[in-house]
Amino acid sequence: MSSFDRRGNQVSKLRRIGLKSLFLGGVLLVAASCVYRPLYGGADGDALSQIYVEDVETRTAQQLRNHLIFLLQGGRDNPETKYVARLRVVDSYREFAAVKNVRDDTAGSVTVSVSYDLIDTENNTRVAGGNRVAVASYDRTQQSFANNRARRDAENRAAKEAAEKLKLAFAADLSR
């Protein structure tokens, strides 16, 4: 009788293994049927690296442009451009109410607003466009040099954040 029980256990183990492998095969089949597309490129290569960013006017706009070029092309020069990004950058400053303490320090913020148009160079048509906003805050003290440096650092942080938002916007626009 004990040999019969062992054989029955072996048969049930084989059935369990068969059911597990059937289940695993079904999961793999479902996973294989999902459509996967990379965010930063497609069948025609990396579309983001084919974006040329036009020149801009202000220091904050130049910081944004530099960060964006590095994000899109990774520091490499790409002679093939399929798209042109036209940026309009506006930066604004705001000083908050004074915090009542010994030195009467205040806080400020820098807002970088970017509107963009993505132009296809082959037929000179607008592919996409939109707006992105980034805000960075900074502390103001009694020292003018420290205030200028803090404000400039906040401009750089806001420009970098806006560039990252633009990269994601370009990737979403080109994936459509």
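One point on numbering: in the working numbering, the residue at position 148 of the sequence shown is 128, and numbering is uninterrupted. The beta carbon of each residue, even a glycine, is placed where N, CA and C say it ideally should be. Keep in mind the model is a prediction, meaning the values are calculated, not measured.
Going by the CB atoms, is the gap between residue j and residue i shorter than 8 Å?
i, j, result
"S95", "R74", "no"
"V92", "A65", "no"
"T40", "E135", "yes"
"A138", "G110", "no"
"I31", "L4", "no"
Does residue i pass the burial test, meaning 16 or more other C-beta atoms within 10 Å, or should it be called exposed?
i, result
"K140", "buried"
"V33", "buried"
"A116", "buried"
"R45", "buried"
"V70", "exposed"
"L98", "buried"
"A126", "exposed"
"I(-3)", "exposed"
"Q123", "exposed"
So, under 8 Å CB-CB, residue i and residue j are touching, yes? Tell me the CB distance rounded to an integer number of Å.
i, j, result
"A143", "H47", "4 Å"
"K154", "R112", "It is Leu, not Lys, that sits at residue 154 in the sequence shown. Not confirmed; about 16 Å, so no contact."
"Y63", "T105", "Not really, about 11 Å apart at Cβ, beyond 8 Å."
I'd like the list of long-range same chain contacts for residue i, defined as Cβ closer than 7 Å, with 5 residues on each side in sequence excluded.
i, result
"D119", "D85, A87, A130"
"I49", "V33"
Is residue i close to chain D, meaning its C-beta is less than 8 Å from at least one C-beta of that chain?
i, result
"A114", "Among the chains of the structure shown, chain D does not appear; only one protein chain is present."
If you drop the 5 nearest sequence neighbours on each side, which residues of the same chain put their C-beta closer than 6 Å to that of residue i?
i, result
"T121", "D85"
With a threshold of 7 Å (Cβ to nearest heavy atom), would residue i be considered close to the ligand HEM?
i, result
"R137", "Only the bare structure without any ligand can be found here, which leaves the ligand HEM out of the picture."
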